[in-house]
Structure formats: C-alpha cells, structure tokens
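Chemist: What follows is a single structure, and I will ask about it in a moment.
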Ligand SMILES: NC(=O)c1ccc[n+]([C@@H]2O[C@H](COP(=O)([O-])OP(=O)(O)OC[C@H]3O[C@@H](n4cnc5c(N)ncnc54)[C@H](O)[C@@H]3O)[C@@H](O)[C@H]2O)c1
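Residue numbers (our numbering): 5 to 441.
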C-alpha cells in the first residue's frame, strides 16, 4: 500500500487527523463541522486570543455557537494552537487564511505563503494539503505545489494538493456549511479523489472539477457574478436618481417576472472580505496575460463610487432642511458590511464616515453587532438606539439593515431618514420624512 492509499483508508474510516490553518469566519465553522462528523481536528492560528477563546470553549464567530466548540472539545475532537509543529501529526491540512488586497489593490498572498512555509517545514509523505482561501487561478499550481515539491517530495505520488473554495455565507440561516456543495479540484486525479472523499464526510454534496485552476476560477466566477450584478443594480439606482424614479419599486416589479431575471439590489457600496476583493484577484491575473477584465473594472468603478453618491445624497437631504453638512449631527444605523453580521471589513459605512467627517459632520453610529469600531486610528463606540439618540440627530442614515430594528420608531423619532437599503419600506406613518437611495 502506498502512503496515499493508506491516507485514503484512514479517510474512509474517519481516522484522518484534520488540520485547519486560520480559524476565522471560514476556518472555525469548517473545523467544527469536521468535529461533528467525528473526526479529530486541530486548528492553527497566529492569533493567540482566538486560541485562548477556543480553550475556554468560547466562539467568536456568530454562526458558530459556543456550545458547538464546547461539545467538540469535550469529545476530544477539537483543539486549537499557535504551535505549528503539530502540523506534522495532521493527515489533511486545510488552509483558510485571509487573501486581502495590498494598498495598491494587488493580491496579497503573503498569508498563504506564510502558512505554506509552516507546512513545507513539516510536510511528509501521505499528507493532503487543501487550499480554501479565495485566490487567482494558478496560485495552487504555480505557488503552492513548487514550494512543497522543493522538499523533494512529489505531488500525486508522495503527497496530495487540492483547491476547494469556501462558499460560506455568514448569517445565512437557509444554507449552513453542510448544505452548500463543495467544489474540489486536485493537482492530479488522486488528489481530487482524496479531497472529494474527505469533504464527503462533511458536505451533503461534493462537486469535483478537473484541476486546481478550474476550482479557483469557479469561486472567482461566483463572486464576480455577484459584484457585476450588484454593479448593474447600483448603476440602475444612479439612473433612477437622475430620472426621479424609485429604483426599489422598479426592481421589485421587474423581479415578479418568473424567468429570465434575477434580483440584485443596490446599496451604499460593496463590503466584506469577498465580493469587493475577489474580482480584483481575477482582473489582476488577467492583466498579466494582457487581457483587460472590462466588466470587472466597470463594476468596481460603479460599486466603489456608491459611498460618495450616498454622501452627496446626504448633502441634498440636509440641504432640504437648510442644514449644512459641516456641523450637522448624523446618526448612522448599521456599520457592518451586511445584515446581521459584525464584520466591518471593507464596509462602505467606513468610507461614508470618512467622507462625512471630512466635510465636518458630527457622526455617531448604532449597530447592535458592532460595539466598537476603529476608524483610521480613532475608536468609535456604538450608541444605544434610544428615542433621544434618534431625535437629537439632524439626519438618520440607514446603512445596514439588521434584523430587530423597529423602523416605525426610527422614522417616528427621527428628524429625517435617508435609507440606502429600503429598510423603511413597510413604514406607514411619517413617510414624508424618508428619502431613499
Ligand atoms: N468571510 C467569508 O464570508 C468568506 C467566504 C468564502 C471565502 N472566504 C475566503 O476565505 C479566506 C479566509 O477568510 P476569513 O473571512 O475566514 O478570514 P478571517 O480573517 O476571518 O480569518 C483568517 C484567520 O487566519 C489567521 N491567519 C492569518 N495568517 C495566518 C497564518 N499564516 N497562519 C495561521 N493563521 C493565520 C488569522 O489570524 C485569522 O484568524 C479568504 O481567502 C476569504 O476570501 C471568506
């Protein structure tokens, strides 16, 4: 039996020891799912606070209940560490580290490289390494594999490598980790086969593709599709603004067509670690092949112009009341990048706050999911959404539509409301106070 056949047998028997590098929004839920499937998991993170939290049976990810962490640990199926020497004892290593952009908006794969260096120091025959971080096509083949083969071991013979994009949607109650099919692409057929087997223990459906590049491109297509369609919805919002039409009414009516139309909504701009970032990874790669990714460039331009458009609209709304932005009191409702999450990465709220602060506005925010916020070195704290907080602001601006907010009260108590999400659509009284994107 070869070492990879031995691994295959251990996976079948659920005796493979799983490693997860990066215990964030993606890595922690994945680790917990492997534990639920009865497999032993070790999580690795550079962040000691995360490791300490897990040691105290505490989850810091909203979609993962602390009881799940406690149950996996009590069963002896989950531990977390900053000690990467323990990678040697893992049979399967999942890499779930961040893939942000640099200041100049180029892919920053330094976290992948750092994780890879830790693996390279410990890799041995019979291991399967799976990259789950979103990245440009070719990362696994051109970066990952050569670094690991630099040890003298051969992919497909001694060890396996696959790319399996993470498709988790934080706060989505309809589709949890297990329900979203897992796409896998291996460097060689045996790599695809092993990765398919391991994920079949956790995911209801696994979708193999023929290469790591293809699997990388699947993820970029999905997120580029969203970014471009949101870009279209945002441009339609800008058109409707110029035409003095209600974009929400137009989109909702169009969405009644039972075929050939898919609803995407406009908003204050894109946020999160995926949709604003991932298409740029693809555009960057295509640029290196002298191929301009025109749809991506256009959508990026439109989507990133939305915070400025929102600021202009705020200016107009205040102007109706003969109030200057400079010195005005503005209350933002929601700063997270989307509903019911605490994640503020790339949130358009941050840009809107910067633009308003630059124009001299006095800004406060209220977000039940984001207690504190660091805005370019200044710490801001969420305020309670009291009647007094609403009535003392010149303008209330809805940026994120979290569940549990009483918009009837928001409108009743606010001087005026600017709504970038159509969150106030069900409000009956006081509609004359509302202005929408
Ligand atoms: N957040 C999402 O909704 C989502 C969805 C699908 C895919 N993704 C992709 O998954 C990847 C991870 O995203 P995330 O949102 O989980 O990020 P995250 O920032 O929440 O978590 C990443 C974790 O990795 C740790 N880390 C960084 N470098 C490390 C290293 N060298 N070794 C060990 N740990 C390290 C960080 O401390 C952090 O805890 C990204 O490529 C992202 O694009 C994210």
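We treat Cβ as the ideally placed atom computed from N, Cα and C, and that holds for glycine. Keep in mind the model is a prediction, meaning the values are calculated, not measured.
What number of angstroms, rounded off, separates the C-alpha of residue 418 from the C-alpha of residue 333?
Modeler: Approximately 12 angstroms between the Cα atoms of the pair.
Chemist: Measuring only the C-alpha atoms, how far is residue 23 from residue 233?
Modeler: 36 angstroms
Chemist: Anyone know if the C-beta pair for residue 20 and residue 96 falls short of 8 angstroms?
Modeler: Between residue 20 and residue 96, the C-beta spacing is below 8 angstroms.
Chemist: On the DSSP bridge list, what partners appear for residue 422?
Modeler: Beta-bridge annotation (DSSP): residue 422 is paired with 401 and 439.
Chemist: Mind checking whether the beta-carbon of residue 92 lies closer than 7 angstroms to any heavy atom of ligand 1?
Modeler: no
Chemist: Would you say residue 48 touches ligand 1, meaning its beta carbon is less than 7 angstroms from a heavy atom?
Modeler: yes
Chemist: Do residue 27 and ligand 1 come close, with the Cβ less than 7 angstroms from some heavy atom?
Modeler: yes
Chemist: Distance check for residue 52 and residue 187, CA to CA, integer angstroms please.
Modeler: Straight-line Cα distance between these residues: approximately 31 angstroms.
Chemist: Candidates 267, 115, 120 and 392: which alpha carbon is nearest residue 91's?
Modeler: Considering only alpha carbons, the answer is 120.
Chemist: List the endpoints of the continuous beta strand (DSSP E) containing residue 84.
Modeler: 82-85
Chemist: Quick one: what's got a C-beta closer than 7 angstroms to residue 65's C-beta in the same chain, skipping five residues either side?
Modeler: Excluding positions up to five away in sequence, the list reads 29, 32 and 33.
Chemist: Between the stretch 65-74 and the stretch 239-255, do three or more beta carbon pairs fall short of 8 angstroms?
Modeler: no
Chemist: Go through its chain and collect everything with a Cβ distance to residue 214's Cβ below 6 angstroms, but skip five positions before and after it.
Modeler: There are no such residues.
Chemist: Please report how far the alpha carbon of residue 59 lies from the alpha carbon of residue 94, in whole angstroms.
Modeler: 19 angstroms
Chemist: Assign residue 62 to buried or exposed, taking buried as 16 or more other Cβ atoms, counted over all protein chains shown, within 10 Å of its Cβ.
Modeler: By the 10 Å Cβ count, residue 62 comes out exposed.
Chemist: Can we count residue 276 as close to ligand 1, meaning its CB is less than 7 angstroms from some heavy atom?
Modeler: yes
Chemist: List the whole-angstrom C-beta distance separating residue 304 from residue 342, where the pair is believed to meet the contact cut-off of C-beta under 8 angstroms.
Modeler: No, residue 304 and residue 342 are not in contact; Cβ-Cβ is about 18 angstroms, not under 8 angstroms.
Chemist: Tell me which same chain residues have a C-beta within less than 8 angstroms of the C-beta of residue 142, skipping the five on either side of it?
Modeler: 217, 220 and 289
Chemist: Nearest-angstrom Cα distance between residue 437 and residue 300?
Modeler: 37 angstroms
Chemist: Would you identify the three-state DSSP class for residue 251, choosing helix, strand or coil?
Modeler: Under the three-state reduction of DSSP output, residue 251 falls in the helix class.
Chemist: Quick one: measure Cβ to Cβ for residue 337 and residue 414, integer angstroms, because I've assumed they're closer than 8 angstroms.
Modeler: 7 angstroms
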